[in-house]
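Engineer: Basically our numbering = 1-based index in the sequence shown + 71. Sharing a structure below in structure tokens format, with a few things to ask.
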Amino acid sequence: MAKNNIRIFDWHGNELQATDVDWTTDEAVKLKFRQDPGKENSLGSIRINFHNTHQVYLHDTPSKSLFTQDYRFDSSGCVRVDHVRDLVSWLLETTTPDWDRTRVDSVIASGEREDVKLATQVPLYLAYVTAWANDKGVVNFREDIYNRDGLNGEPVIEGPQVVLQ
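Here it is as structure tokens:
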């Protein structure tokens, strides 16, 4: 856990050391784990929370090469965003006073977590697409890993909140 910058907390928010935990007891399953931002964190440095019933969020990734792959289901249902700092900067600059790209980059560089609630809500629409045609008219099909083909989509999800780490 130390190698991957994962910290352990009890339900009161007190940080614990892995050597202080009796991992053979039921108490061990009641602990909270938090991975600090950095190159080991699969969420990268930014998470965009928004209200939804599935606990899905948008996030950065240190694995930028994933954006070049055809098979993109390397996540637990949350959505990796390419050029996420551009999106976050746009969200904050257009909705929340005193935020711009320089401030976003500065907070991320500090390594400190900062939760920023947008002053104005922005509608967020997610589309799950398993078939499309490219600019040459070639139709592409992908596996429907969520078994959603032929079903009505999810309701509109609104109100993102940016979490800079």
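Just so you know, even glycine gets a beta-carbon here, dropped at the ideal spot from N, CA and C.
(1) What's the C-alpha gap between ASP91 and HIS83?
(2) Would you report the Cα separation of TYR128 and VAL150, rounded to the nearest angstrom?
(3) Grab me the residues of PRO226's own chain with a C-beta within less than 8 Å of its C-beta, minus the 5 sequence neighbours each way, in chain order.
(4) In whole angstroms, what is the alpha-carbon distance linking ASN75 and ASP93?
(5) Using the rule of at least 16 other Cβ atoms within 10 Å of the residue's Cβ for burial, across every protein chain shown, is GLN88 buried or exposed?
(6) Which class does ASP81 belong to by DSSP, given the choice of helix, strand or coil?
(7) Give every residue of the same chain whose Cβ lies closer than 7 Å to the Cβ of LYS101, excluding the five residues on either side of it in the sequence, and list them in chain order.
(8) Can you give the beta carbon distance from ILE216 to VAL159, rounded, assuming they're within the 8 Å contact cut?
(9) Using only the alpha-carbon positions, how far apart do GLU111 and ASP176 sit?
(10) Who are the Cβ neighbours of ASP107 in its own chain at under 6 Å, not counting the five residues just before and after it?
(11) Report the rounded CA-to-CA distance for GLU183 versus SER116, giving the unit in angstroms.
Structural biologist: To lay it out plainly:
(1) The residue you call residue 91 lines up with position 20 of the sequence shown. The residue you call residue 83 lines up with position 12 of the sequence shown. The alpha-carbon of ASP91 is positioned some 16 Å away from that of HIS83.
(2) Counting from 1 along the sequence shown, the entry for residue 128 is found at position 57. Counting from 1 along the sequence shown, the entry for residue 150 is found at position 79. TYR128 and VAL150 have their alpha carbons spaced roughly 6 Å apart.
(3) For the purposes of this step, residue 226 is taken as the residue at position 155 of the sequence shown. Summary for PRO226: the model assigns pLDDT 44, below 50, so the residue's position carries little reliability; its value from the coordinates is reported in the next sentence. Cβ neighbours of PRO226 beyond the five flanking positions: none.
(4) Along the sequence shown, read from residue 1 onward, the residue named residue 75 stands at position 4. Along the sequence shown, read from residue 1 onward, the residue named residue 93 stands at position 22. Cα-Cα distance, rounded: 20 Å.
(5) The residue labelled residue 88 in the question sits at position 17 within the sequence shown. By the 10 Å Cβ count, GLN88 comes out exposed.
(6) Within the sequence shown, numbered from 1, the residue matching residue 81 stands at position 10. In this structure, ASP81 counts as coil in the three-state DSSP scheme.
(7) Start at 1 with the first residue of the sequence shown, and residue 101 comes out as number 30. Closer than 7 Å at Cβ, skipping near neighbours: TRP82.
(8) Start at 1 with the first residue of the sequence shown, and residue 216 comes out as number 145. Start at 1 with the first residue of the sequence shown, and residue 159 comes out as number 88. About 27 Å separates the two Cβ atoms, so there is no contact after all.
(9) For the purposes of this step, residue 111 is taken as the residue at position 40 of the sequence shown. For the purposes of this step, residue 176 is taken as the residue at position 105 of the sequence shown. In a straight line, the C-alpha of GLU111 is about 19 Å away from that of ASP176.
(10) By 1-based counting over the sequence shown, the position of residue 107 is 36. ASN76.
(11) As a position in the sequence shown, residue 183 is number 112, starting the count at 1. As a position in the sequence shown, residue 116 is number 45, starting the count at 1. Roughly 10 Å separates the two Cα atoms.
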